[in-house]
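Counting from 1, position 61 in the sequence shown corresponds to residue 61 in UniProt numbering; the numbering is continuous, with no gaps.
Just so it is clear, CB atoms sit at the ideal spot from N, CA and C, and this is done for glycine as well.
Encoded as structure tokens, the structure appears first; notes follow it.
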Amino acid sequence: MKKLVFLSLVLLMVFTLSQTAFSQLGPNVPRDETLIANILTGRVVTPDNFNVWAATWRTPDRGIQQLMLEPLWIVDPASGKVINALAASSPLYSKDFKTLTIKLRPGCYWSDGVEITADDVIYTIELAKSNSGMSYYASFQEVAKLTKIDKYTVKIDLKEPNARFHTYFLDRWGACRPLPKHVFEKVKDPVSFDFKPPISSGPYILHSYDPGGYWVLWQRREDWQRTPTGKLFGMPQPKYVLFYY
């Protein structure tokens, strides 16, 4: 009986907290169209910063890695299979594993209307490789040369054989996601840049967030069809997704 009462109290607390977080958003966000999820790593310390490419913790699990930015490849946690997301095919290696070719999925766009191309992938690697304050700085020192084969194809020549180089872009928990070249190339310091408001390659865009770091609200893109998730799985059902701590 005591266990039942305790469980009931816990469930009541969880429900109350979720309703409290939701009520802070105002009447313009309908509850029946909103999925609520937890920020597992705690309150967002830098709620105004969405630049997850800098080598500092920016709490990507507030919806950035789940909804906003698509990886090249992602592991299905249920089956363990690798899904081609922004990439149109599996990673293509040369026989000596010193060259990796990445083919991108055509027709995917950033939320500001600019198409995602090989230029974004190349610039992501070049920027990280040349800035010690960026994530994957050390990893991308393995790169000897980058070549744009065509609008959707990138060839990466490595200094040494590495059959797992593509895993830097494979999302199992985190990954290096392509950044928008047309945004970052105009920035003097990519490390201190806050990337706000952010643009997305995924099916959701930022709606609003708590300056105190307790919640972030995302809204489904009107052009969700032009994202890898939309092309692979159709329209995401929730119009809004609320991440809260």
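What residue does the alpha helix (DSSP H) around residue i start on, and which one ends it?
{"i": "H207", "result": "Per DSSP, H207 belongs to no alpha helix (DSSP H); it is in the beta strand (DSSP E), 204-209."}
{"i": "Y123", "result": "118-130"}
How many Å lie between residue i and residue j at the Cα?
{"i": "M13", "j": "L217", "result": "Model confidence at M13 stands at a pLDDT of 44, short of 50, so the residue's coordinates are unreliable and nothing is read from them."}
{"i": "P32", "j": "K239", "result": "Note that residue 32 is Asp in the sequence shown, not Pro. Approximately 9 Å, taken between the alpha carbons."}
{"i": "A88", "j": "F233", "result": "15 Å"}
{"i": "V241", "j": "D96", "result": "44 Å"}
{"i": "L35", "j": "R221", "result": "15 Å"}
{"i": "L86", "j": "Y214", "result": "30 Å"}
{"i": "D157", "j": "Y168", "result": "15 Å"}
{"i": "I74", "j": "I83", "result": "5 Å"}
{"i": "Y244", "j": "W57", "result": "17 Å"}
For the candidate residues the options, whose alpha-carbon lies nearest to that of residue i?
{"i": "T117", "options": "D171, I102, S130", "result": "I102"}
{"i": "I64", "options": "I156, V52, W73", "result": "V52"}
{"i": "E115", "options": "L40, K151, A175, K196", "result": "K151"}
{"i": "R172", "options": "K159, L104, L72", "result": "L72"}
{"i": "M235", "options": "D210, Y204, P211, Y209", "result": "Y204"}
{"i": "R62", "options": "A54, A78, V45", "result": "V45"}
{"i": "F50", "options": "F195, H207, S201", "result": "F195"}
{"i": "H207", "options": "N38, T59, L67", "result": "L67"}
In its own chain, which residues sit with a C-beta less than 7 Å from the C-beta of residue i, not counting the 5 before and 5 after it?
{"i": "D120", "result": "P178, L179, P180, K181"}
{"i": "V183", "result": "I199"}
{"i": "R43", "result": "G213, Y214, Y245"}
The beta strand (DSSP E) with residue i in it runs from where to where?
{"i": "T147", "result": "143-150"}
{"i": "F243", "result": "240-244"}
{"i": "T227", "result": "No beta strand (DSSP E) contains T227, which DSSP labels as neither H nor E."}
Please work out which residues of its chain come closer than 8 Å, Cβ to Cβ, to residue i, disregarding the five sequence neighbours upstream and downstream, and give them in chain order.
{"i": "residue 310", "result": "This structure gives no information on residue 310, because the portion of the chain shown stretches from 1 to 245."}
{"i": "N131", "result": "Y137, P190, V191"}
Unbroken alpha helix (DSSP H) runs of length 4 or more, entirely within the segment 54-83: which are they? Considered as a whole, the segment 54-83 harbours no complete run of any alpha helix (DSSP H) with no fewer than 4 residues.
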